[in-house]
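What follows is a short report on a single structure.
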Amino acid sequence: MLQEIIEKKLTETFAPTHLKVINESYMHNVAPGSESHFKVVIVSENFAGLRLIARHRQVNQALADELANHIHALSMHTYTEQEWQEHNQIAPDSPMCMGGDK
Numbered sequence: 004m005l006q007e008i009i010e011k012k013l014t015e016t017f018a019p020t021h022l023k024v025i026n027e028s029y030m031h032n033v034a035p036g037s038e039s040h041f042k043v044v045i046v047s048e049n050f051a052g053l054r055l056i057a058r059h060r061q062v063n064q065a066l067a068d069e070l071a072n073h074i075h076a077l078s079m080h081t082y083t084e085q086e087w088q089e090h091n092q093i094a095p096d097s098p099m100c101m102g103g104d105k
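Residue numbers for the sequence shown, in this note's numbering: 4 to 105.
Dropping the structure here:
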């Protein structure tokens, strides 16, 4: 399962204190059971001192194979523990897909 692969790679790379990988494919015009659109909420001290673009590059690098071959879209919410607490441990909801037949 692709979701489990993503979780494993991010856990091994970032040792997160919080990780949530959500398959949001159902929100898009794809076949039932698809694994093509994901949202990642990750809290790791590896992000301390890094700008948002650097954090996203690190996640992209960790998931390079999946992004090149399987994932159509990846929404990322990357936080340090302090930032996560400041956001009340809540990441924004993803919007519904506006494309296709939905």
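Glycine included, every Cβ here is placed at the ideal spot set by N, Cα and C.
query = Is the beta carbon of Val24 less than 8 Å from the beta carbon of Phe41?
reply = yes
query = For Ile93, which of helix, strand or coil comes out of DSSP?
reply = coil
key: Between the CA atoms of Met30 and Leu13 - distance to the nearest angstrom   = 23 Å
inquiry  = Please report the distance separating the alpha-carbon of Lys11 from that of Thr20.
reply    = 14 Å
message = According to DSSP, simplified to helix, strand and coil, what is Ser78?
response = strand
request  = Answer yes or no: do Arg58 and Phe50 have a C-beta to C-beta separation smaller than 8 Å?
outcome  = yes
key: Contacting residues, own chain, Cβ-Cβ under 6 Å from Thr81 (five flanking each side not counted)   = Ile45, Phe50 and Arg58
query = What are the start and end residues of the alpha helix (DSSP H) that includes Val62?
reply = Leu55 to Ala65
key: Opening and closing residue of the alpha helix (DSSP H) in which Val17 lies   = The sequence shown places Phe at residue 17, rather than the Val named in the question. Residues Leu5 to Phe17.
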